[in-house]
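In this note's numbering, the protein residues as written are 7 to 141. Report on the structure given below.
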Amino acid sequence: MSELTTSIVGLDFPNEDKSKSSRVMECMLCRPGEMVELRLEPKTPYDQNAITVWSRRGVQMGYVSAEHARLIGKRMDKDEVSAIFQTMHRSRAYIRIRFGGGLPTLPDPVPDVPNYAPQDEASAAAGARSLRILS
7 MSELTTSIVG LDFPNEDKSK SSRVMECMLC RPGEMVELRL EPKTPYDQNA
57 ITVWSRRGVQ MGYVSAEHAR LIGKRMDKDE VSAIFQTMHR SRAYIRIRFG
107 GGLPTLPDPV PDVPNYAPQD EASAAAGARS LRILS
């Protein structure tokens, strides 16, 4: 594996600068392809494999997801690792990581897909009737 996409977690937690920066806002300011920095944080009390994600402006954006942190941390010890901001989708943010040198490549964007199942005509008609009753 030379490249990996993973989520940034902990977006809702405050940074240690006491509300001078917002992780969510920092992610919103990042453009796809913008470099981010990964830092090992072995003294974090919750996870000795923790890796923080930092913007090029020096603001912490969150953490690499725990499911990938151990693998990425091991690769950071052995290989050259680079990371870029990939995307913000709804309330989640993602980074793209490349191992072994070079810059990560951005995959094609995934189009938004509605989160509902298609209705048959009878269900749609029943829903329309209930809306008329409420109005």
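C-beta: ideal position from N, C-alpha, C; glycine also. Source: prediction; values computed, not measured.
Do you know offhand how far residue i's Cα is from residue j's?
i	j	result
Val42	Arg62	6 Å
Pro48	Asn55	6 Å
Tyr100	Ala75	14 Å
Thr93	Arg102	9 Å
Met82	Leu10	13 Å
Ser71	Thr50	14 Å
Arg98	Val87	23 Å
Ser13	Phe105	17 Å
Asp18	Asp85	31 Å
Give me, in chain order, the residues of the same chain whose beta-carbon lies closer than 6 Å to that of residue i; leave out the 5 immediate sequence neighbours on both sides.
i	result
Val65	Ser27 and Glu32
Val30	Leu17
For a test of the three-state rule: what should DSSP assign to residue i, helix, strand or coil?
i	result
Arg37	coil
Going by DSSP, name the residue or residues bridged to residue i.
i	result
Thr58	Arg45 and Tyr69
Thr11	Arg102
Ile90	Met41 and Arg102
Leu95	This sequence places His at residue 95; Leu is not what is there. Paired residue(s): Arg98.
Please check the pair residue i and residue j, which I expect to be a contact at CB under 8 Å, by giving their CB distance rounded to whole angstroms.
i	j	result
Tyr69	Val15	5 Å
Trp60	Arg37	No, Trp60 and Arg37 are not in contact; Cβ-Cβ is about 16 Å, not under 8 Å.
For residue i, I'd like the list of residues in its chain whose CB is within less than 7 Å of its CB, leaving aside the five on either flank, ordered along the chain.
i	result
Glu40	Arg62, Ile90 and Phe91
What does a CB cutoff of less than 8 Å around residue i pick up in its chain, not counting 5 residues either side in sequence?
i	result
Ser8	Arg104, Phe105 and Gly106
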